Every structure is written in C-alpha cells, then in structure tokens.
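Colleague: Protein chains in written order, with the working numbering: chain A, 131 to 454; chain B, 24 to 268.
Got a structure here, written out as structure tokens. Questions coming.
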Amino acid sequence: MKSSGFFGPIAGSLGLLILVTVIAPLIGSTHIELRRAFAHVSPDFEIFFYARLPRVVLALIAGGALSMTGVLFQCMLRDPLAEPYTLGVSSGASVGAVLGICFGMRAIGVVSLAGAALVLLIVLGVAVEGRRLSSFTLMLTGVTMNSMAFAIIMFLHNLAGFSQSFAISRWLMGGLDAVEYSTLGWLAAVVVPVCVAVTVRAREWNLLSVGEDWAESRGVSVTTLTTFGYIAGSILTGLVTALTGPIAFVGLIVPHALRLRFGADHRVLMPCSLLVGGAFLAMCDTLSRTVMAPTEIPVGVLTALAGGPFFFWLLRSRRSSLGL
Amino acid sequence: MTFELKSVGFAFGLTEASFETPEAGLVAVAGPNGAGKSTLLGIMAGLRPAYTGSCLYDGVEVRKWSRREFARRVAFLPQMLRLEFPFTAEQVALMGRTPYAGGWFESPEDHAAVERAMGITDTVAFRSRDFRSLSGGERQRVVLASALAQEPRVLLLDEPTTFLDLKHQLSMYRILAELGRGGMLVVSVTHDLNLALQFADRVLVLNEGRVAGDGTPREVLNPELIGRVFGVRADVSAGWVHYEI
C-alpha cells in the first residue's frame with residue numbers, strides 16, 4: 131500500500147466524522163443555536179450540553195466500536211456475515227440486563243457487563259483446545275452461547291410482569307440515551323486504546339482474513355492473534371452493549387460498505403470503520419430523534435432501514451463496475 | 024540448508040518417514056490418497072507442530088524455529104486459496120513480505136521483491152484486479168508470486184496444479200523446475216507421475232504413512248513400485264508412464 135492510498139480514505143472518514151459531530155447536536159425537535167449554547171443561555175445550553183451532545187458522543191463511540199468489531203470478527207472468522215454479536219458476548223450482556231430488570235436492580239449496565247464478562251470466559255474456556263484456538267471452534271462455541279442466552283432471555287421474559295416485560299423488550303431493541311460525561315469518559319478510555327491496539331496489527335489481520343495456514347506460514351502466530359482479537363472485540367462489544375443494548379446492523383453494514391469502497395486492506399479498513407461507524411450511528415440516531423418527533427424510533431430500526439437500501443445501491447454499483 | 028527427517032510421524036496420516044532433501048532442485052512427492060503427503064508437507068512447513076520424531080531444517084527442529092525467521096526461508100503454498108474479501112492480486116502478493124515487515128507501510132525493498140515475483144510468474148498484467156475475479160490459473164500464479172516474494176530458499180507446494188488445465192499445469196511445473204535449477208529447493212506434492220517424470224530431479228513416494236521410494240524419477244517410478252503402491256498396471260516407455268487398472 132502506498133501512503134496516498136492510506137491517508138486519502140482516513141482524511142475523508144475523519145471529515146465525515148467531524149461534520150456529523152458538529153451538525154448532529156444542533157438538529158432536534160427544539161431549535162437551538164450554537165452561539166446561545168456556548169453563552170450558557172437557557173434552555174439552549176442545557177439541551178445542547180446535557181441532552182444532545184452526550185448522546186451524539188455515545189453514538190460516535192458505540193458505532194465506531196461496533197463497526198471495528200464487525201471488521202475484526204469478519205476477518206478472524208473469514209465470514210462476511212459475522213458481526214459483533216456472532217460470538218456470544220452481547221447475548222451475555224443481554225442476559226445480564228434482563229436479569230437486572232427482572233430483579234429490579236438499578237445498575238443494569240453493571241449486571242450486563244458482568245454477563246458479557248462471564249460469557250467471554252466461558253467461550254474461551256470451551257474453545258481453547260490444548261494451546262490452540264481455531265476460529266471454527268470459536269464460531270461454534272459463540273453460536274451455541276447465543277442460543278443458550280436467547281433461551282434464558284425467553285424464559286425470564288416469560289416469568290416477568292407487565293412493566294418488566296415492556297422494559298425487557300425496550301432494552302433488547304437497543305437505543306441511545308444521554309449519559310453522564312463521566313460514563314463517556316471511561317467508555318472512551320477503554321474503547322480508544324483497544325481500537326488502537328487492534329489497528330496496530332492490521333497487516334497481520336490481512337493475512338488472517340485470508341486463512342490460518344496462510345498467516346501461520348508467513349510468520350504470524352495465529353492462536354495468539356485470534357485470542358487477542360476475540361478478547362479485544364468482546365471488550366468493545368460487551369461495553370457498548372451494556373450501555374446501549376444490542377444495535378443491529380452497524381457492525382455488519384459499515385465494514386462491507388467500506389470494503390466495497392476502499393478494498394480489503396485492514397490498515398485502511400480498521401481506522402475508517404471506527405470513524406465512519408461512529409458517524410453512521412450518530413446520523414441514524416439524529417434521524418431517530420427527529421423523524422417522528424416527539425416520538426423516538428429505536429435506533430436499531432433506523433440503522434437497518436436507512437442502511438439496507440444504501441447497501442443495496444453500493445452492491446449494485448460495485449457489481450456493474452466489476453462487470454459481474 | 025536441507026530438511027532432515029528421522030522417523031517423523033503424526034497422529035493421523037503419517038506413520039514413520041525418514042529422508043533428507045537435497046540443497047536445491049525439484050522434489051516431487053507422490054503417493055495414493057491418504058498416504059500422508061499433505062501431512063508431511065504441513066509438518067515441514069511448521070503448520071503441524073505436534074509431530075513425533077525429528078524434522079530438522081538447517082539443523083534446527085522445525086517447531087523450534089521462530090515463525091518469522093522460518094518464513095524468511097521456507098514458503099508454503101496451499102492447494103487452493105479462496106478469499107472472502109476483495110484483496111487485489113498485488114495485495115495478495117505483498118502479503119508474502121510479512122516476515123520482513125518493519126513498519127506500517129511496505130518498504131521499497133518489499134515492492135521490489137513483489138515486482139520481481141510478479142515478473143517471474145507473469146502476473147503483472149492483472150495486479151490491480153480483485154483476486155476473486157481471476158481464473159484458477161491466474162490465482163495459482165498470484166499465490167506463487169506471494170510465496171516468491173518471501174524470497175525463500177525452500178518452496179513447499181501442496182498439489183499446486185489440481186485445479187489447472189493442461190497448459191497451466193505444464194507452465195507451473197516449468198517455473199518450478201527453473202526455480203530448482205536456480206538454487207531453490209522446491210518440494211511439490213503431485214498426483215501426476217508424468218509431471219514428476221518430466222520435471223522432477225528427485226521423487227519421493229509415500230504409501231500408508233511410510234516412504235516407499237526415494238530417488239531419481241527413473242529409478243523410483245518403475246512398473247513394480249507403481250503397481251505395488253498405486254495398485255495399477257504401469258508401463259514406462261519413452262519417458263512416459265502409461266497406466267491401466
């Protein structure tokens with residue numbers, strides 16, 4: 131890869147991210163002005179800094195982390211249909227959250243995180259054979275974990291009362307809320323370093339996305355890399371899911387859209403997916419707040435509804451340019 | 024700089040194999056299905072570290088080599104490469120430079136090595152095409168270019184011609200034989216005894232996980248051995264093997 135092939139896409143993605151970050155908090159059911167917000171004039175100040183900005187930042191981090199994990203898991207499993215939820219961790223987070231709701235706990239996020247961590251340990255415990263970890267066993271273990279978690283959720287849902295049942299459904303749809311800046315702070319403090327650590331190994335991910343023997347025979351330690359990728363992706367997904375619930379499609383569609391545009395090199399794909407994934411989720415969330423205001427549409431509904439047709443268009447234009 | 028194998032075995036596929044490779048030249052590995060050819064090649068490539076016995080490369084046990092150092096000396100080609108993602112032919116070839124990677128971008132030496140490798144394999148013309156849009160023969164040449172970009176001393180190939188038509192089979196083996204004459208050790212698994220007869224400097228025949236024959240093609244590929252190992256009636260004349268059941 132030449133450096134121009136790297137910096138071009140990064141600059142474009144960064145530009146998109148900045149644009150969305152500036153514009154998204156200004157859009158909403160109440161009209162506000164940036165000047166009044168910065169001048170501490172009520173209510174523009176409160177709406178901008180306490181209702182909208184934290185929510186946009188959460189969308190940026192969550193969307194970025196999910197897209198990054200999507201790229202990572204698709205690469206590790208060599209499966210274009212893999213997404214952050216394929217390997218079970220987010221199901222663990224969901225079980226935790228549903229348990230929390232059923233037992234009337236306050237700190238749903240914490241229980242959810244505990245669920246995710248538990249699944250991470252179980253999957254690693256089951257999937258590591260001897261000192262080897264193959265993506266195939268990882269996939270089977272993750273999928274099994276998903277089914278079991280789903281069964282537990284249905285069981286709990288079945289026992290839950292009316293208001294709990296509503297809370298469970300709402301949580302499982304996923305969605306973004308304004309959170310404390312301190313929460314955003316520690317979220318970013320984990321997500322950013324993990325994403326950097328993953329991206330640094332981009333050239334090795336390129337080889338692993340071709341094949342395990344292919345990577346191993348070119349000097350990559352496949353078991354170490356796969357274990358690292360699984361843990362890193364699980365931390366990203368687990369954290370985000372604990373805060374937002376499962377948000378469909380971001381981790382699937384953004385990686386593919388970027389691959390169609392920029393190719394498969396993970397040196398471009400990984401940083402771009404972090405930037406564009408964040409921008410994409412923030413845009414979808416802005417739409418979800420405004421399209422039917424004051425009613426909010428769950429953002430997962432919008433990611434799928436807005437992303438799907440765009441993806442079809444991308445797929446078709448690419449196919450005609452390839453002459454397929 | 025040779026491979027020395029002493030009583031090498033594996034949990035499945037290989038019982039006990041002992042032989043030494045030459046320093047350079049084309050070595051064909053033949054044998055019926057399940058004889059242990061791919062297992063043997065995988066062990067030599069360092070992909071099956073759980074082997075028994077001793078498999079030395081350059082005097083050091085293969086599983087003890089650092090993966091990166093080993094990959095600068097020994098390149099391995101899979102039977103067929105299937106990609107899920109849109110890498111270009113050149114990107115696939117550049118992956119061969121991973122054992123030399125020092126930074127984020129490939130170095131000028133990396134690009135020069137890939138240029139040479141793509142020249143040898145005649146793949147320059149479609150360097151920026153999606154690997155998945157190439158024909159079987161083109162793909163196999165790109166994969167070979169990637170292995171040559173590793174600048175190895177040894178090339179291990181697992182049935183490189185399985186999915187190629189006649190012309191591409193011949194041109195693949197012509198390249199391999201030339202590399203062998205140029206000082207590289209090329210070990211290639213094949214089912215085609217005539218390709219082995221025509222191009223190989225040495226033939227190793229495996230049967231039921233053991234070495235059944237080891238020597239020059241004309242010594243080893245005789246009707247008696249072919250009959251015993253492959254279970255067919257064979258006749259060797261004018262440098263060609265004819266077989267029938």
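Backbone N, C-alpha and C fix where the C-beta goes; we use that ideal spot for every residue, glycine too.
Just so we're clear, the structure is a prediction, and the values are computed from it rather than from any experiment.
Provide the residue(s) that pair with Val299 of chain B in DSSP beta bridges, ordered along the chain.
Modeller: Nothing can be reported for residue 299 of chain B: it is not among the residues displayed for chain B, which extend from 24 to 268.
Colleague: Kindly give me the distance between the Cβ atoms of Ala68 of chain B and Val97 of chain B, rounded to whole angstroms, as I take these residues to be in contact under 8 Å.
Modeller: 7 Å
Colleague: Can you tell me whether Ser41 of chain B is helix, strand or coil according to DSSP?
Modeller: strand
Colleague: Measuring CA to CA, which of B:Pro246, B:Val259 and B:Val209 is closest to Phe26 of chain B?
Modeller: Ranking B:Pro246, B:Val259 and B:Val209 by Cα distance to Phe26 of chain B puts B:Val209 first.
Colleague: Where does Lys60 of chain B sit, in a helix, a strand or coil, going by DSSP?
Modeller: helix
Colleague: Opposite Val83 of chain B in the DSSP bridges: which residues?
Modeller: B:Tyr80
Colleague: Tell me the rounded alpha-carbon separation between Gly142 of chain A and Leu193 of chain B.
Modeller: 47 Å
Colleague: Return the residues of the stretch 206-221 of chain A that lie within a Cβ-Cβ distance of less than 8 Å from chain B, sorted by chain order.
Modeller: Arg208, Asp209 and Pro210
Colleague: Mind checking who Asp181 of chain B pairs with in its DSSP beta bridge?
Modeller: B:Val212
Colleague: Using a C-beta to C-beta distance shorter than 7 Å, which residues of chain A count as neighbours of Ala53 of chain B?
Modeller: The premise fails here: Ala53 of chain B is roughly 22 Å from chain A at the closest Cβ pair, so nothing lies under 7 Å.
Colleague: When DSSP builds the beta bridges, which residues end up paired with Arg262 of chain A?
Modeller: A:Glu259
Colleague: Answer yes if the stretch 400-419 of chain A comes into contact with the stretch 189-208 of chain A, meaning at least three C-beta pairs across the two stretches below 8 Å, and no otherwise.
Modeller: yes
Colleague: By the 7 Å beta-carbon criterion, what residues does the stretch 384-399 of chain A contribute toward chain B?
Modeller: Arg389, Gly393, Ala394, Asp395 and Arg397
Colleague: Per DSSP, which residues does Thr75 of chain B bridge with? Please list them.
Modeller: B:Gly32
Colleague: Short of 9 Å Cβ to Cβ, which residues in the stretch 48-72 of chain B face chain A?
Modeller: Listed by position, the residues of the stretch 48-72 of chain B near chain A (Cβ gap below 9 Å) are Gly65, Ala68, Gly69 and Leu70.
Colleague: Should Trp335 of chain A be flagged as near chain B, meaning a C-beta pair shorter than 8 Å?
Modeller: no
Colleague: Tell me the DSSP secondary structure of Glu213 of chain A in three-state form.
Modeller: In the three-state reduction of the DSSP assignment, Glu213 of chain A falls in the coil class.
Colleague: Give the single residue among A:Ile148, A:Thr357, A:Pro401 and A:Phe441 whose Cα lies nearest to the Cα of Gly255 of chain A.
Modeller: A:Thr357
Colleague: For the candidate residues B:Gly203, B:Leu171, B:Leu167 and B:Val177, whose alpha-carbon lies nearest to that of His191 of chain B?
Modeller: B:Leu167
Colleague: Quick one: does Trp316 of chain A have its CB under 8 Å from some CB of chain B?
Modeller: no
Colleague: Exposed or buried, which one is Asp188 of chain B when buried takes at least 16 other CB atoms within 10 Å?
Modeller: It is exposed - the Cβ of Asp188 of chain B has fewer than 16 other Cβ atoms within 10 Å.
Colleague: Consult DSSP for Thr111 of chain B and reduce its assignment to one of helix, strand or coil.
Modeller: strand
Colleague: Could you work out which residues of chain A lie near Phe128 of chain B, taking near to mean beta carbons separated by less than 9 Å?
Modeller: Met131, Lys132, Ser133, Phe136 and Arg397
Colleague: Enumerate in chain order the residues of its own chain whose CB-to-CB distance from Gln294 of chain A is below 7 Å, with the five nearest sequence positions on each side excluded.
Modeller: Ile231 and Cys232
Colleague: Can you give, in chain order, each stretch of the alpha helix (DSSP H) that sits fully within the stretch 229-257 of chain A and has at least 4 residues?
Modeller: 238-257
Colleague: Just to make sure I have the definition right: I need the residues of chain A whose C-beta is within less than 9 Å of the C-beta of Phe110 of chain B. Which are they?
Modeller: Asn336, Ser339, Val340, Gly393, Ala394 and Asp395
Colleague: When the cut-off is 8 Å and only beta carbons count, does Leu171 of chain B lie next to chain A?
Modeller: no
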